[in-house]
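Peer 1: Count the sequence shown with UniProt numbering and you get residues 1 to 653, in order. C-beta atoms are modelled at their ideal positions from N, C-alpha and C, and glycine is treated no differently. Shown below is the structure under consideration.
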Amino acid sequence: MTSETTQKFYYPSEEVVKNAAVSGMEAYKALVAEADKDYEGFWGKRAKELIDWQTPFTQVLDESNAPFFKWFADGKLNVSYNCLDRQVQKGLGDKVALIFEGDKGDIAKVTYSDLLTRVSKFANALKAQGVKKGDRVVIYLPMSIEGVVAMQACARIGATHSIVFGGFSAQSLADRINDAGAVLLITSDGQNRGGKALPLKSIADEALASGCPTITSVLVVKRTGAETAMVAGRDIWADEIVAQMSDVCEPEWVEAEHPLFLLYTSGSTGKPKGVQHSTGGYLLHAILTMQYTFDIKPDDVFWCTADIGWVTGHTYITYGPLACGATEIVFEGVPTYPDAGRFWKMIQDHKVSIFYTAPTAIRSLIKAADNTPAVHPKQYDLTSLRLLGSVGEPINPAAWEWYHENIGGGRCPIVDTFWQTETGGHMITPLPGATPLIPGSCTLPFPGIQAAVVDETGTEVPWGQGGILVVKRPWPSMIRNIWGDPERFVKSYYPADFQGKLYLAGDGAIRDKDTGYFTITGRIDDVLNVSGHRMGTMEIESALVAHEKVAEAAVVGRPDDLTGEAIVAFVVLKGARPTGDEAAKVLKELQNWVGQEIGPIAKPKDIRFGENLPKTRSGKIMRRLLRQLAKGEEITQDTSTLENPAILDQLKG
Ligand code: WTA
């Protein structure tokens, strides 16, 4: 960041400051100082205040088995109780919890007492199928009320859910089911997206047919009404079994460290990692960030556009808003159907006050608004908005400015929230009534989070110098383990390079030399971020080499105006190097293959064929070179050590 940009602060209005939970920069600094002075006291106090505990905890943080940290370990609670029962007890039973809008525009509203009833009945159905505390349940559902209900129902009985995004393939679903050893799968007949009814149960059937021995039953939610084959003795229509259940289900009180959920995400190897989250610490950060970052108020209508298949949908749809007694939108569809004004129309119709979305969505809607005046946000009344958020990838200053001006009317602060599946909630983010904003910067750490930028030895670098983003102290909502692979957990997040003392985020960052504000410079590992979705290059490479025609493959990212990054694959076929029409044909075939193996989001945008890949004499693929080729840049690197320099011409694309 240059010093020019540092002069371009956006300050919150007096009114925003006055009403905010964290009011003014001094209030933010006081919170940071409070945490610095007494770290455990800071978190312990808030855990007591914000969560209803069945058994209070006596110890805040247990570091005896670092980096397997424990928070509030002897306390007991239930997340579903904290989200639902306590709201009803507070008199919010008739308040709308969920406003569901379907792809076709159908609307359903669910109050807190309705939701408690639905969750209790669903939880009893899970119990009737033999699901017990600690069992894993895989959920493969579209955005729906049932998705939220199923997650809450698992939490209610102490089952650990693992959501698989509806865009993942049968193979990805089967891998995740088997890694988790799940006993039950919840899916639906299909999903409505962009005016089409897409199948889901048939993909689940394919996954199960490939061998998922731990699954004993499948609950099938009706959504599209598509004709659906049911396997006798295994598949059950969810509505039929739920209808028979009692609407009372005592919550299972679990230890604070009990795994609330697993969520698989991409890492540096070909195998996705099952990020394991806790109950107490996770819930605390979900609530605290709803209060400090989103400044949630009783009258707000909150809308997070993420899918429950990603961590954002977990923390800021299923858990955070409900634990705060908020009213929130659950949207089944896509931003461009029936037209690219859909988000703006929904904000207008439902009087949304807090809107949280991804930069990719913003960028594609900017383009649409430029091309089609009828879907320009100025055609809609967006005056209900008071706060905007961004998540999942860096937001470029131009998109930020457009969002601020055209959606926020120049009056709404934008919280650019940096966090990860592993962190459970926001890590570095502005607080709307406290932090002056700079477009493109996620600004300062959330109170109680000690983020830093270090060099390879773990030493903090001066502001203005790029480095590796780390977190210096454990925090309540952090990842607890990689399911079934504690060694990989330690290696990935608490590497020996930093003496096991620093949490390694996997991102690069730089702090502005004047303000100390953080800007995320992108992943430093082999993870790509395509439209805000994390993809491991190794995963895509494994999928490619599993194709019968492929001998070798290397995958890299290249910057993309719309999707942030785009996937580029360099492929060596077993036969001759294809050219012309043949190359185009194989390219399509391989794209579809990756779509089938992992899911459409993993399809390479560009595939280049070579007779070989650029390698050092010791046989190492030169990825930096491939990244330059993918971008179409001049090769600046010395290529004299290459085994076969002539190959570069073939791969130029
Ligand atoms: C990136 C999503 C810049 C980052 C919540 C991180 C961001 C990865 C931001 C995690 C942001 C997320 N600015 N980059 N505001 N938010 N990222 O696990 O590279 O799907 O490591 O969690 O997204 O993606 P994940």
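Under 8 Å: do the stretch 169-187 and the stretch 262-279 share three or more Cβ pairs, one atom per stretch?
Peer 2: The stretch 169-187 vs the stretch 262-279: in contact.
Peer 1: For Phe100, write down the residues that DSSP places opposite it in a beta bridge.
Peer 2: According to DSSP, Phe100 bridges with Ala108, Val330.
Peer 1: Where does Lys501 fall in DSSP's three states?
Peer 2: Coil.
Peer 1: When you compare only the Cα positions, how much space is there between Phe343 and Asp74?
Peer 2: Spanning the two alpha carbons is a distance of roughly 44 Å.
Peer 1: Count the CB pairs spanning the stretch 122-129 and the stretch 151-160 that are closer than 8 Å, and state whether there are at least three.
Peer 2: With a cut-off of 8 Å, the stretch 151-160 and the stretch 122-129 count as touching, because enough Cβ pairs lie within range.
Peer 1: Helix, strand or coil for Gln54 per DSSP?
Peer 2: DSSP places Gln54 in coil when its eight states are reduced to three.
Peer 1: I'd like the ranges of any alpha helix (DSSP H) spanning at least 4 consecutive residues and lying wholly in the stretch 3-38.
Peer 2: Complete alpha helix (DSSP H) runs here, min 4: 3-6, 14-19, 25-37.
Peer 1: For the ligand WTA, is there a heavy atom less than 8 Å away from the beta-carbon of Asn442?
Peer 2: Checking the sequence shown, residue 442 turns out to be Cys, not Asn. Correct: Cys442 has its Cβ closer than 8 Å to the ligand WTA.
Peer 1: Under a Cβ-count criterion, where at least 16 other Cβ atoms within 10 Å of its own Cβ denotes burial, should Phe9 be classed as buried or exposed?
Peer 2: Counting Cβ neighbours within 10 Å, Phe9 comes out exposed, since fewer than 16 surround it.
Peer 1: For the ligand WTA, any of its heavy atoms closer than 8 Å to the Cβ of Asn371?
Peer 2: No, since every heavy atom of the ligand WTA falls outside the 8 Å radius drawn around the Cβ of Asn371.
Peer 1: Quick check for students: name the residue ranges of the alpha helix (DSSP H) that lie wholly in the stretch 261-339, counting only runs of 4 or more.
Peer 2: For the stretch 261-339, whole alpha helix (DSSP H) runs of length 4 or above, ordered along the chain, are 280-292, 320-323.
Peer 1: Apart from the five residues just before and just after Phe100, which ones in its own chain have a Cβ nearer than 6 Å to its Cβ?
Peer 2: Hits under 6 Å: Ala108, Ile145, Val330.
Peer 1: Report, in whole angstroms, the separation of the C-beta atoms of Ala44 and Val32, which I expect to be a contact under 8 Å.
Peer 2: The question names Ala, but residue 44 in the sequence shown is Gly. So it is not a contact: roughly 17 Å between Cβ atoms.
Peer 1: Any heavy atom of the ligand WTA closer than 8 Å to the CB of Asp561?
Peer 2: No.
Peer 1: Are the Cβ atoms of Pro359 and Ser390 separated by less than 9 Å?
Peer 2: Yes, they are a contact pair.
Peer 1: Quick check on the DSSP output: the alpha helix (DSSP H) that includes Asn592 runs from which residue to which?
Peer 2: Here the alpha helix (DSSP H) through Asn592 covers 580-597.
Peer 1: Can you tell which of Ile414, Leu84, Val131, Trp303 has its C-alpha closest to the C-alpha of Pro439?
Peer 2: Nearest option by C-alpha distance: Ile414.
Peer 1: Could you spell out where the beta strand (DSSP E) holding Ala186 opens and where it closes?
Peer 2: Reading off the sequence, residue 186 comes out as Ile, not Ala. Looking at the DSSP string, the run of the beta strand (DSSP E) that includes Ile186 is 184-188.
Peer 1: Excluding the five sequence neighbours on either side, which residues of its own chain have a C-beta within less than 7 Å of the C-beta of Ala323, listed in chain order?
Peer 2: Once the five neighbours on either side are set aside, the close Cβ partners of Ala323 are Asn82, Cys83, Leu283, Ala286, Ile287.
Peer 1: With a threshold of 6 Å on Cβ separation, who are the neighbours of residue 657 within its own chain once the five nearest residues in sequence on each side are excluded?
Peer 2: Past the edges of the chain, shown from 1 to 653, lies residue 657, and the structure says nothing about it.
Peer 1: Which same chain residues, not among the five before or five after Ile468, have their C-beta less than 6 Å away from its C-beta?
Peer 2: Excluding sequence neighbours, Ile468 sits near Val454.
Peer 1: Tell me whether Asp175 sits in a helix, a strand or coil according to DSSP, three-state version.
Peer 2: Asp175: helix per DSSP, three-state reduction.
Peer 1: Note down, in chain order, each residue of its chain lying with its Cβ closer than 7 Å to the Cβ of Pro12, except the 5 sequence neighbours on either side.
Peer 2: Closer than 7 Å at Cβ, skipping near neighbours: Pro413, Pro432, Gly433.
Peer 1: DSSP puts Ile428 in a beta bridge; with which residues?
Peer 2: DSSP, once it has assigned bridges, lists Phe418, Pro445 as partnering Ile428.
Peer 1: Whole-angstrom Cβ separation of Ala630 and Arg558, contact assumed at under 8 Å?
Peer 2: Indeed, because the Cβ distance is near 4 Å, the residues count as touching under 8 Å.
Peer 1: Can you look up Thr459 in the DSSP assignment and give me helix, strand or coil?
Peer 2: If DSSP states are grouped into helix, strand and coil, Thr459 belongs with coil.
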